[in-house]
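Enquirer:
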Amino acid sequence: MGSKEIFSDQPGHVAPGALLRAAREARGLSRAEAAARLKWLPDYVRRVEHDDYQTLRQPAFARGYVRAYGRMLGLDETGLLAAFDATQPAIAAPEPVPRRSRPPQLQRTGAGIVLGLAVLALLTLGLWWAQTGQAAAAPVFGG
Numbered sequence: 001m002g003s004k005e006i007f008s009d010q011p012g013h014v015a016p017g018a019l020l021r022a023a024r025e026a027r028g029l030s031r032a033e034a035a036a037r038l039k040w041l042p043d044y045v046r047r048v049e050h051d052d053y054q055t056l057r058q059p060a061f062a063r064g065y066v067r068a069y070g071r072m073l074g075l076d077e078t079g080l081l082a083a084f085d086a087t088q089p090a091i092a093a094p095e096p097v098p099r100r101s102r103p104p105q106l107q108r109t110g111a112g113i114v115l116g117l118a119v120l121a122l123l124t125l126g127l128w129w130a131q132t133g134q135a136a137a138a139p140v141f142g143g
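Mind the numbering: the sequence shown is residues 1 to 143 in our numbering, read in order.
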């Protein structure tokens with residue numbers, strides 16, 4: 001057992017993988033049995049127990065893997081996730097991504113406004129032409 005397996009880089013903190021492995025062994029479960037209960041790929045239990053999150057297919061979900069494994073073993077999630085956060089601060093606390101606000105509807109549909117104004121102008125021109133055409137075609141009485 002290497003020190004990385006049992007202890008985190010910070011003194012006084014136990015790595016989450018060591019906690020999970022000890023709880024699994026205390027319950028008499030093999031890694032294969034734990035993987036079957038979690039519906040994980042067979043090697044994921046070993047990777048999580050060794051705190052080797054970067055080799056998972058989705059390392060960004062490492063905290064979720066630790067939580068699910070701990071829940072299956074009946075461990076206290078708060079303590080387990082605190083141990084994870086202490087050993088994996090970059091994964092546990094990512095920078096929030098600023099949300100871009102959507103522009104108002106009228107700004108997004110500039111082409112629609114221009115098209116609507118063009119149709120309105122054509123309708124106005126058509127009405128004007130129809131009125132002037134009727135006045136010119138009307139017979140003049142009394143002369």
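All residues carry an ideal CB built from backbone N, CA and C; glycine is no exception.
Distance, Cα to Cα, Q131 vs G110?
Expert: 32 Å
Enquirer: Determine contact between the region 64 to 81 and the region 19 to 27, defined as no fewer than three beta-carbon pairs at a distance below 8 Å.
Expert: The count of Cβ pairs closer than 8 Å, one atom from the region 64 to 81 and one from the region 19 to 27, reaches three, so the stretches are in contact.
Enquirer: The alpha helix (DSSP H) that contains A22, what's its start and end?
Expert: Where A22 is concerned, the enclosing alpha helix (DSSP H) stretches over 16 to 26.
Enquirer: CB-CB under 8 Å to Y44, same chain, minus the five flanking residues each way: which ones, in chain order?
Expert: A35, L38, L56, Y65
Enquirer: Compute the Euclidean distance between the alpha carbons of R24 and A60, then round it to the nearest angstrom.
Expert: 24 Å
Enquirer: Helix, strand or coil: which one does DSSP assign to I91?
Expert: In this predicted model, I91 has a pLDDT of only 48, less than 50, meaning its place in the structure is not dependable enough to derive any value.
Enquirer: Note down the Cα distance separating E77 from A83, rounded to an integer number of angstroms.
Expert: 10 Å
Enquirer: Quick check on T87: buried or exposed, where buried means 16 or more other Cβ atoms within 10 Å of its Cβ?
Expert: buried
Enquirer: Three-state secondary structure (DSSP) at L80?
Expert: Helix, per DSSP.
Enquirer: How many angstroms separate the CA atom of V114 from the CA atom of V97?
Expert: 35 Å
Enquirer: For R99, count the other beta carbons within 10 Å of its own beta carbon; 16 or more makes it buried, fewer makes it exposed. Which is it?
Expert: Its Cβ having fewer than 16 others within 10 Å, R99 is exposed.
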